[in-house]
Amino acid sequence: MCTVTLVPLRKNDFVLISNRDEAPNRVSLPPEFDTYKGEEVLFPKDVQSGGTWIGVSKRKRLICLLNGGFEIHQRKPEYRQSRGIVVKDLLTCDVLEEAVKTYNFKDIEPFTIILVEWIKGLKCYELVWDEKEVHFKTLPNEPQIWSSSTLYTKKMRDERRYWFSNFKAQNELNPETLLKFHQEAGAGNQDYGVIMDRGFVKTTSITRVEKNHEEVSMRYFNLDSKKEHHTFLEEVKTVHE
Numbered sequence: 007m008c009t010v011t012l013v014p015l016r017k018n019d020f021v022l023i024s025n026r027d028e029a030p031n032r033v034s035l036p037p038e039f040d041t042y043k044g045e046e047v048l049f050p051k052d053v054q055s056g057g058t059w060i061g062v063s064k065r066k067r068l069i070c071l072l073n074g075g076f077e078i079h080q081r082k083p084e085y086r087q088s089r090g091i092v093v094k095d096l097l098t099c100d101v102l103e104e105a106v107k108t109y110n111f112k113d114i115e116p117f118t119i120i121l122v123e124w125i126k127g128l129k130c131y132e133l134v135w136d137e138k139e140v141h142f143k144t145l146p147n148e149p150q151i152w153s154s155s156t157l158y159t160k161k162m163r164d165e166r167r168y169w170f171s172n173f174k175a176q177n178e179l180n181p182e183t184l185l186k187f188h189q190e191a192g193a194g195n196q197d198y199g200v201i202m203d204r205g206f207v208k209t210t211s212i213t214r215v216e217k218n219h220e221e222v223s224m225r226y227f228n229l230d231s232k233k234e235h236h237t238f239l240e241e242v243k244t245v246h247e
């Protein structure tokens with residue numbers, strides 16, 4: 007997994023969407039509030055690992071995970087800790103930059119994490135762990151797309167960037183049009199369309215996080231059950247549609 011797009015909007019608003027590509031039998035639960043290290047966080051849960059690939063916290067922070075670093079890697083039989091636990095740890099840390107500097111990434115499988123904070127203005131970061139070094143940088147506040155290196159070759163990732171560039175040129179980017187991109191880009195291409203299906207791995211869900219003024223919401227689309235869950239961060243209420 008996955009495919010992720012991030013689009014900063016007016017002022018300090020943004021929308022981030024993640025398509026999760028996973029083994030069809032790997033179960034995930036829709037987003038719910040959970041208490042982690044004494045703090046309330048909102049995320050869909052991966053049942054197998056107990057972690058997550060995307061979440062938001064009341065620290066005005068969003069963390070989104072993609073498997074793999076810059077390039078595909080050779081997997082080890084075992085790792086010390088799930089990458090999904092890193093997501094929850096960063097959601098609840100005090101100071102993001104300090105936590106990244108001091109976190110023990112040793113013996114964790116390579117990953118790419120997109121981080122968004124809106125404490126004082128909108129700040130976006132990219133964190134890549136390649137099993138040797140931590141690569142942490144501030145991102146420009148402009149539309150971007152990522153694709154997991156574990157599933158997509160450089161050629162595939164480049165073509166997906168081309169699709170996104172064309173889509174940006176032809177559409178005003180907002181939460182609805184960006185969702186359309188995640189539903190339709192590369193339609194019919196089972197191998198590396200944004201919704202893909204290779205049999206042993208396929209796109210199982212789409213998660214959209216949107217900040218609109220002071221309201222932050224997470225909308226989760228289960229592509230198998232066709233069920234949709236819409237949850238607001240500030241108000242502890244959930245609407246099931």
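Take 7 as the starting number for the sequence shown in this note's numbering and just add one per residue. Built from N, CA and C at the ideal position, the CB exists for glycine as well. Please read these numbers as outputs of a predicted model, since none were measured by experiment.
Beta-carbon proximity of residue i to residue j, cut-off 8 Å
i, j, result
"phenylalanine 227", "alanine 29", "no"
"threonine 210", "aspartate 197", "no"
"valine 10", "tryptophan 169", "no"
"methionine 224", "aspartate 27", "no"
"proline 149", "lysine 129", "no"
"asparagine 73", "methionine 162", "no"
"serine 154", "glutamate 77", "no"
"aspartate 52", "tyrosine 85", "no"
"valine 200", "glycine 192", "yes"
"leucine 184", "valine 21", "yes"
"glutamate 12", "isoleucine 119", "Note on identity: in this sequence residue 12 is leucine, with glutamate being the wrong assignment. Their beta carbons are not under 8 Å apart, which means leucine 12 does not touch isoleucine 119 by this criterion."
"proline 36", "histidine 219", "no"
"lysine 143", "tyrosine 131", "yes"
"glutamate 115", "arginine 166", "no"
Residue closest to residue i, alpha-carbon to alpha-carbon, out of the options
i, options, result
"leucine 96", "Gln87, Ile69, Phe117 and Ser88", "Ile69"
"valine 134", "Lys107, Pro14, Phe49 and Lys208", "Lys107"
"tryptophan 124", "Phe238, His235 and Pro14", "Pro14"
"aspartate 136", "Arg65, Gly75, Glu220 and Val33", "Gly75"
"lysine 66", "Leu179, Val101, Arg214 and Tyr158", "Val101"
"serine 171", "Glu182, Thr159, Lys160 and Phe187", "Phe187"
"isoleucine 60", "Phe111, Ser34, His79 and Lys126", "Ser34"
"lysine 94", "Lys43, Glu234 and Thr144", "Lys43"
"phenylalanine 49", "Leu179, Glu182 and Val215", "Val215"
"leucine 145", "Asp164, Glu165 and Val122", "Val122"
"lysine 138", "Pro181, His79 and Asn147", "His79"
"arginine 16", "Leu179, Glu38, Asp164 and Glu45", "Leu179"
"lysine 232", "Gln189, Arg204 and Val222", "Gln189"
"asparagine 31", "Gly127, Lys126 and Lys208", "Lys208"
"asparagine 147", "Glu38, Asp164 and Gly127", "Gly127"
For residue j and residue i, believed in contact at Cβ under 8 Å, the rounded distance
i, j, result
"lysine 217", "aspartate 40", "Not a contact, Cβ separation roughly 21 Å."
"valine 47", "threonine 98", "6 Å"
"serine 24", "threonine 213", "5 Å"
"valine 140", "phenylalanine 117", "No, valine 140 and phenylalanine 117 are not in contact; Cβ-Cβ is about 11 Å, not under 8 Å."
Opposing strand residues paired with residue i [DSSP bridges]
i, result
"serine 155", "DSSP output for serine 155 lists no bridge partner at all."
"threonine 98", "According to DSSP, threonine 98 bridges with nothing at all."
"leucine 145", "Cys130"
"valine 92", "Valine 92 pairs with nothing; no bridge assigned."
"methionine 224", "Val215 and Thr237"
"phenylalanine 111", "Phenylalanine 111 pairs with nothing; no bridge assigned."
"leucine 22", "Leu12 and Val215"
"glutamine 87", "Ile114"
"aspartate 136", "Note: aspartate 136 sits in no beta bridge, so no partner."
"isoleucine 78", "In DSSP, isoleucine 78 forms no bridge with anything."
Residue-chain proximity (residue i, chain B), Cβ-Cβ < 8 Å
i, result
"threonine 11", "In the structure shown, chain B cannot be found, because there is only a single protein chain."
Does the stretch 55–64 touch the stretch 85–100, meaning 3 or more C-beta pairs lie closer than 8 Å?
yes
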